[in-house]
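One gets our numbering by counting positions in the sequence shown from 1 and adding 1 to each. Below you'll find the structure, written out as structure tokens, and then a few comments.
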Amino acid sequence: MTPPFFGRHKPNLIIHDTTLRDGEQAPGIAFSRESKVLIAKQLSRLGVTVIEAGFPCASPEHYESVKQIAQEAGPLMEGREKLGQPAIIAAFARMLEKDIRRTYEAISYAPRHRLLVFSAISDLHLKYKLCITRHECLSRIRQGLELATALCNDVWLGLEDANRADPELIFEVVEICQEMGVKTLVIADTVGSSLPSEFGDYIQQVRSKITDDRLVLGVHCHNDLGLATANTLAAVQNGARHVEVTISGIGERAGNTALEEVVMAIDSHPDSFPVTHAINTKLLCETAALVAKLGGFTIPQNKALVGRFVFTHESGIHQHGMLANRNTYEFIHPEDVGATGGLVLGKNSGRHALRDRLLKLGYGEPTTYELGLLFTKVKILADSKPIVEDDDLIKIIGKRPGGPDGEFHHS
């Protein structure tokens, strides 16, 4: 059982956004360089700690995108006044000298920059993808980190498929990181295969091997079982202080951990986590909409926290409760994430919502008979039209009952 974390000072969770690198790996999503710069600036305003700008060695265009983000988004302080410093601009490199040097060159244009180097670590990847032994893997990691730490004073090491690796091998990497001054070690659930309880225990094991508090433990979770956010939160409860996320959870296959889900879980259950965060949650929907527009995709209408209808209520029972007290069916309010909500009229709606809509449109208080008559007509329309809009309602009403034609009229 997770202990309560109240009554103590809580540090900010390090929010590392990888929308521009891992998020763009989702099939069908491609950001132009101009779009990447706009998104990076929005992420800075949002309050993320680290903006992963891309993979400079993938192509000359990727390099130029990372460089431009470092130059234009790297110095920004708008919306970060309370944080007191700009976002860290980071970029991804393989354990190759040319990658590491080229990546460092691109990010060095930002006032604060972080060099990301990664290696596969599971026996499955070592045998079939890299065709090397564990000893050779550790040697490559050490060699790559020697160069990376010589170039940059903020180095991140990511371990691909770490949750399926032998923990003893991970522990050896922890020792190398502490010896070489690496700032962040990230455990990746690359295929999204973990369960929260198991992943939390695994993170706790790795955290117990860290004796140098300058080394931050982080996680990078994929969503193949729909558990990326749950696994990430379990990791935070068990010692992770750095999480890697994307806006709306976009990414390869089933995607990544969604930034908005992590921060709102922490906000809504503060006693369950040993951290807080610095995200301006009122910008979450705005940011999600921008990323979707520039990436050419549509946010699912029921996507948690940022979907079009997640704060909208159609059921008559729910609508009655909402009209009495919004907390009956909302523990997070739409304005908390920069969304709009309300009641919609549809085939499952009740008279309470219809009456509320009439009053908001400027009609007078209907009689029981008038409300019943209109309710019947709305139900008939709702059988063929999922949502009855205000214009539909006005057309149905016409004039008020009791008028010459027996229809509704404006009061």
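Don't be surprised by glycine CBs; every beta carbon is placed ideally from N, CA and C. All values reported here derive from a predicted model rather than from experimental measurement.
Span of the alpha helix (DSSP H) around residue i
i    : result
A94  : Per DSSP, A94 belongs to no alpha helix (DSSP H); it is in the beta strand (DSSP E), I89 to A94.
L139 : R135 to L152
E62  : P61 to E73
G1   : A query on residue 1 cannot be resolved here, the shown segment of the chain reaching from 2 to 412 and no further.
G373 : T369 to A383
D202 : P197 to S209
D268 : L260 to S269
I40  : R34 to L47
F172 : P168 to M181
D357 : R352 to L362
L285 : L285 to G296
Q238 : A229 to Q238
Closest by C-alpha distance to residue i, when choosing among the options
i    : options                   : result
G297 : S36, E53, R102 and E331   : S36
R309 : G342, T329, T277 and S316 : G342
D23  : Q43, G252 and L14         : G252
L117 : T104, Y110 and L125       : T104
L125 : H114, P367, C138 and R115 : C138
I300 : G250, P335 and D272       : G250
A111 : L234, E53 and A293        : E53
H1   : L372, T277 and K68        : The shown model of the chain, from 2 to 412, leaves out residue 1, and the question about it has no answer.
V49  : E73, A59, T20 and P57     : T20
P87  : H223, R102 and G75        : G75
T288 : L346, L260, T150 and G85  : L260
V183 : I133, F119 and L355       : F119
G256 : P275, T230, L374 and A149 : T230
P57  : Q43, P12, A92 and R81     : A92
R215 : M96, N154 and G85         : N154
T150 : F172, I101 and L127       : I101
L14  : R34, K99, M96 and P275    : P275
A27  : A293, P61 and L148        : A293
I248 : D213, A290, H221 and K210 : A290
Q144 : R95, F172 and R115        : R95
K128 : R81, G29, L152 and A166   : A166
G339 : L285, Y370 and D357       : L285
Delimiting residues of the beta strand (DSSP E) encompassing residue i
i    : result
D190 : T185 to D190
E245 : H243 to V246
V156 : V156 to E161
E53  : V51 to E53
Proximal residues to residue i (C-beta, below 7 Å), its chain only, five neighbours per side dropped
i    : result
E25  : A31 and F32
F200 : N164, D190, N232, A235 and A236
S350 : E315, G317 and Q320
L170 : I122 and R135
F376 : R352 and L355
M78  : P87
K11  : P275, V276 and T277
P197 : L228, A231, N232 and A235
F172 : K210
Close Cβ partners of residue i (< 8 Å) along its chain, the five nearest in sequence each way excluded
i    : result
K83  : A279
V174 : I122, L139, I142, L158, L160 and L186
I16  : G48, V49, T50, V51, V244, V246, L260, V263, V264, H278, A279 and I280
K130 : A121
T313 : G342, G343, L344 and V345
L146 : V118, V156, L158, I177, C178, M181 and V183
G347 : E315, A383, P387, I388 and V389
Y330 : H314, H319, G322 and M323
S269 : F332 and I333
P168 : Y203, Q206 and V207
D225 : V192, G193, S194, R254 and A255
E336 : K283
M2   : For M2, the predicted model reports a pLDDT of 49, less than 50, meaning its position is unreliable; a value from the coordinates is still stated below. Excluding sequence neighbours, M2 sits near nothing in its chain.
DSSP bridge partner residues for residue i (one or two, in chain order)
i    : result
G343 : T313
T329 : DSSP output for T329 lists no bridge partner at all.
N257 : H223
I15  : H243
T277 : N13
V389 : L346
Sequence-distant residues of the same chain with beta carbon closer than 6 Å to residue i, five excluded per side
i    : result
K396 : none
I204 : A236, N239, G240 and A241
A71  : I90, I108, Y110 and A111
A41  : I52, I70 and A74
S195 : N164 and N232
Q302 : G308, R309 and F310
S412 : Because the pLDDT of S412 is 44, which lies under 50, any placement of that residue in the model is unreliable, and the number read from its coordinates should be weighed accordingly. Taken in chain order, the residues that qualify are Y364 and G365.
S66  : R34, K37 and G55
I133 : L127
H114 : I90 and I108
Heavy atom of the ligand FMN within 6 Å of residue i beta-carbon
i    : result
H126 : For the structure depicted, the ligand FMN is absent and the ligand set is empty, with no information on it obtainable.
Residue-chain proximity (residue i, chain B), Cβ-Cβ < 7 Å
i    : result
E315 : No chain B is present in this structure, which holds just one protein chain.
What are the complete beta strand (DSSP E) segments, minimum 3 residues, inside the segment 98-133?
-> Within the segment 98-133, the runs of beta strand (DSSP E) that reach at least 3 residues and sit entirely inside it are, in chain order, 114-121.
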